[in-house]
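Novice:
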Amino acid sequence: MAKPLSASKMVEILRAEGLTVHEVRSWRTHNRNSKGAWGPVNGVMIHHTVTKGTESSVSICYNGYSGLPGPLCHGVIDKKGEIHLVGNGRANHAGLGDSDVLRAVINESALPHDNEADTDGNARFYGFECINLGDGKDPWPEAQKEAIERVSAAICRHHGWSERSVIGHKEWQPGKTDPRGFTMDGMRKRIAQRLKGGGGGEPKPDPKPAPKPKLEPFPGGGFFHTGQKSPIITAMGRRLVAEGCGRYEEGPSPEWTEADRRSYAAWQQKLGFKGKDADGIPGKVSWDKLRVPGV
Ligand SMILES: [Zn+2]
1321 MAKPLSASKM
1331 VEILRAEGLT
1341 VHEVRSWRTH
1351 NRNSKGAWGP
1361 VNGVMIHHTV
1371 TKGTESSVSI
1381 CYNGYSGLPG
1391 PLCHGVIDKK
1401 GEIHLVGNGR
1411 ANHAGLGDSD
1421 VLRAVINESA
1431 LPHDNEADTD
1441 GNARFYGFEC
1451 INLGDGKDPW
1461 PEAQKEAIER
1471 VSAAICRHHG
1481 WSERSVIGHK
1491 EWQPGKTDPR
1501 GFTMDGMRKR
1511 IAQRLKGGGG
1521 GEPKPDPKPA
1531 PKPKLEPFPG
1541 GGFFHTGQKS
1551 PIITAMGRRL
1561 VAEGCGRYEE
1571 GPSPEWTEAD
1581 RRSYAAWQQK
1591 LGFKGKDADG
1601 IPGKVSWDKL
1611 RVPGV
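The following block contains the structure:
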């Protein structure tokens, strides 16, 4: 449940998601608010237009037709994956649908089969019409599917929703078949990936790979002697404990002690070293294998 996005915020979050956004005519004040409620909003609904051609499809979605005045959605997603915003507020896209489905969307739980038309969806859902004939043959270009993913993820992220807040018209209103040509479960998976930071299509503009943890280089065998104090020894001890080789009564601490030597010997034995090679004084091979984080 959320307060609907303002027009400016909608444009902002869609562009931030890497989308090309076209603002159509007076879309910012174009709505059906005089006919009923708009909000609180609970989800995003995906449709296909049963039309072809970007210009005429956008025009129909803006104007509507006799018997069903526009806007017929909030945005049209064309075959190139560009977004044409046609409405801001209540729009004639969802119609009456199933209150059990709405409850599932609100709870972000598994969707029940839609078998009732008892609830006004136009108040509750953002609607996106995707240009497609809906005949099962008209292809869905990857750019268009990626745009559906991006639009949905942008809105879900803004409202703090998961991918489960995105449904198809056919999952809402009995008798509807849209969208046809891909599965909503598959699309929700893509949206979930994107929300996690993945993105199903091409990488985001500035992927920042997580920095690799730096490891502490082997300080040399002579470093480890009674009286030596260093945070490296604490870091080493923590790794030994993590490897199940801790022989500490308390600690580990920065000061090299017999407990460190006995713990390190346990690590060497774990690696298969024997005799003098398992004397508890670190050597380069066992040190590198221990992967002590840099201090
Ligand atoms: Zn529809």
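Take the sequence shown: its letters are residues 1321 to 1615, numbered as in our numbering.
For every residue, glycine included, the Cβ atom is placed at its ideal position computed from N, Cα and C.
Let me check you understand the geometry: is the CB of Asp-1498 closer than 8 angstroms to at least one non-hydrogen atom of ligand 1?
Specialist: Taking the first residue of the sequence shown as 1, we reach residue 1498 at position 178. Yes, the Cβ of Asp-1498 comes within 8 angstroms of a heavy atom of ligand 1.
Novice: Does the stretch 1326-1340 come within contact of the stretch 1395-1410, defined as at least 3 CB pairs closer than 8 angstroms?
Specialist: Verdict: yes, contact present.
Novice: CB of Glu-1563 to nearest heavy atom of ligand 1: below 8 angstroms?
Specialist: For the purposes of this step, residue 1563 is taken as residue 243 along the sequence shown, with counting starting at 1. Checking every heavy atom of ligand 1 against the Cβ of Glu-1563, none is found closer than 8 angstroms.
Novice: Quick one: what does DSSP say Val-1612 is sitting in, helix, strand or coil?
Specialist: Walking along the sequence shown from the start, residue 1612 turns up at place 292. Coil at Val-1612, not helix or strand.
Novice: So for Val-1361, helix, strand or coil by DSSP?
Specialist: Counting from 1 along the sequence shown, the entry for residue 1361 is found at position 41. The answer is strand: DSSP assigns Val-1361 an E or B state.
Novice: Using the Cα positions of Gly-1480 and Glu-1428, report the straight-line distance between them to the nearest angstrom.
Specialist: To locate residue 1480, count along the sequence shown from 1; it is residue 160. To locate residue 1428, count along the sequence shown from 1; it is residue 108. So the alpha carbons of these two residues sit roughly 11 angstroms apart.
Novice: To the nearest angstrom, report how far apart Ala-1562 and Ser-1550 are at their CA atoms.
Specialist: As a first step, residue 1562 must be located in the sequence shown, where it is residue number 242. As a first step, residue 1550 must be located in the sequence shown, where it is residue number 230. Computed Cα separation, rounded: 19 angstroms.
Novice: Pick from Pro-1494, Asn-1452, Glu-1469, Gly-1566: whose alpha carbon is nearest that of Ser-1482?
Specialist: Looking up residue 1482 in the sequence shown gives position 162. When only C-alpha atoms are compared, the closest one is Glu-1469.
Novice: Leaving aside the five residues before and after Leu-1591 along the sequence, list all residues of the same chain whose C-beta is less than 7 angstroms from its C-beta, in chain order.
Specialist: One-based indexing of the sequence shown puts residue 1591 at position 271. The residues are Ser-1606, Lys-1609.
Novice: Helix, strand or coil: which one does DSSP assign to Pro-1525?
Specialist: Residue mapping note: residue 1525 aligns to position 205 of the sequence shown, counting from 1. Unreliable positioning characterises Pro-1525 in this predicted model, as indicated by a pLDDT of 49, which lies under 50. The coordinate reading is nonetheless provided below. Coil at Pro-1525, not helix or strand.
Novice: Suppose you measure from the CA of Gly-1495 to the CA of Leu-1416; what does that come to, to the nearest Å?
Specialist: In the sequence shown, the residue the question calls residue 1495 occupies position 175. In the sequence shown, the residue the question calls residue 1416 occupies position 96. Near 11 angstroms, if we compare the C-alpha coordinates of Leu-1416 and Gly-1495.
Novice: Val-1344 and Phe-1445 look like a contact to me (Cβ under 8 angstroms); what is the Cβ gap, rounded to whole Å?
Specialist: The residue given as residue 1344 occupies position 24 in the sequence shown. The residue given as residue 1445 occupies position 125 in the sequence shown. About 20 angstroms; that fails the 8 angstroms criterion.
Novice: From what residue to what residue does the alpha helix (DSSP H) around His-1479 run?
Specialist: Counted from its first residue, the sequence shown places residue 1479 at position 159. Segment 1462-1479, the alpha helix (DSSP H) holding His-1479.
Novice: Is His-1394 near ligand 1, with its Cβ less than 8 angstroms from a heavy atom?
Specialist: Position 74 of the sequence shown, counted from the first residue, corresponds to residue 1394. For ligand 1, not one heavy atom lies less than 8 angstroms from the Cβ of His-1394.
Novice: Buried or exposed: where does Val-1615 fall if 16 or more other Cβ atoms within 10 Å of its Cβ makes it buried?
Specialist: Working through the sequence shown from its first residue, we reach residue 1615 at position 295. Val-1615 is exposed by the Cβ-count criterion.
Novice: Taking contact to mean at least 3 C-beta pairs separated by less than 8 angstroms, is the stretch 1369-1377 in contact with the stretch 1429-1441?
Specialist: As far as the Cβ criterion goes, the stretch 1369-1377 does not touch the stretch 1429-1441, which means the pair count is below three.
Novice: Are there 16 or more other CB atoms within 10 angstroms of the CB of Arg-1423, so buried, or fewer, so exposed?
Specialist: Working through the sequence shown from its first residue, we reach residue 1423 at position 103. Exposed: under 16 other Cβ atoms inside 10 Å.
Novice: Compute the minimum distance between the beta carbon of Glu-1449 and the heavy atoms of ligand 1, and state whether it is under 8 angstroms.
Specialist: Your numbering for residue 1449 matches position 129 in the sequence shown. Yes, Cβ of Glu-1449 sits closer than 8 angstroms to a heavy atom of ligand 1.
Novice: Closer than 8 angstroms is the cut-off here; do at least three beta carbon pairs connect the stretch 1503-1514 with the stretch 1448-1460?
Specialist: Flag = no, the stretch 1503-1514 and the stretch 1448-1460 do not touch.
Novice: Considering only residues of the stretch 1393-1455, which uninterrupted alpha helix (DSSP H) runs meet the minimum length of 4 residues and lie entirely inside it, listed in chain order?
Specialist: Listed in chain order, they are 1419-1427.
Novice: Please confirm whether Asp-1580 and Gly-1557 have their CB atoms less than 9 angstroms apart.
Specialist: For this step, residue 1580 is matched to residue 260 along the sequence shown. For this step, residue 1557 is matched to residue 237 along the sequence shown. Contact flag set, yes.
Novice: If you draw a straight line from the C-alpha of Pro-1523 to the C-alpha of Gln-1513, how long is it?
Specialist: Translated into positions along the sequence shown, residue 1523 becomes position 203. Translated into positions along the sequence shown, residue 1513 becomes position 193. Bear in mind that a pLDDT of 45 at Pro-1523, under 50, signals an unreliable position, so the model cannot answer this.
Novice: Please find out if some non-hydrogen atom of ligand 1 comes closer than 8 angstroms to the beta-carbon of His-1368.
Specialist: If you number the sequence shown from 1, residue 1368 lands on position 48. Yes, since a heavy atom of ligand 1 falls inside the 8 angstroms radius drawn around the Cβ of His-1368.
Novice: Val-1396 and Glu-1449: beta carbons closer than 9 angstroms?
Specialist: Along the sequence shown, read from residue 1 onward, the residue named residue 1396 stands at position 76. Along the sequence shown, read from residue 1 onward, the residue named residue 1449 stands at position 129. In this structure, Glu-1449 lies closer than 9 angstroms to Val-1396 by Cβ.
Novice: Expressed to the nearest angstrom, what Euclidean distance is found between the alpha-carbon atoms of Asn-1412 and His-1478?
Specialist: Residue numbering aside, residue 1412 sits at position 92 when the sequence shown is read from its first letter. Residue numbering aside, residue 1478 sits at position 158 when the sequence shown is read from its first letter. Those two C-alpha atoms are separated by around 23 angstroms.
Novice: Could you pull the DSSP bridge partners for His-1664 from this structure?
Specialist: A query on residue 1664 cannot be resolved here, the shown segment of the chain reaching from 1321 to 1615 and no further.
Novice: Is the beta carbon of Trp-1492 less than 9 angstroms from the beta carbon of Asn-1408?
Specialist: The residue labelled residue 1492 in the question sits at position 172 within the sequence shown. The residue labelled residue 1408 in the question sits at position 88 within the sequence shown. No. Outside cutoff.
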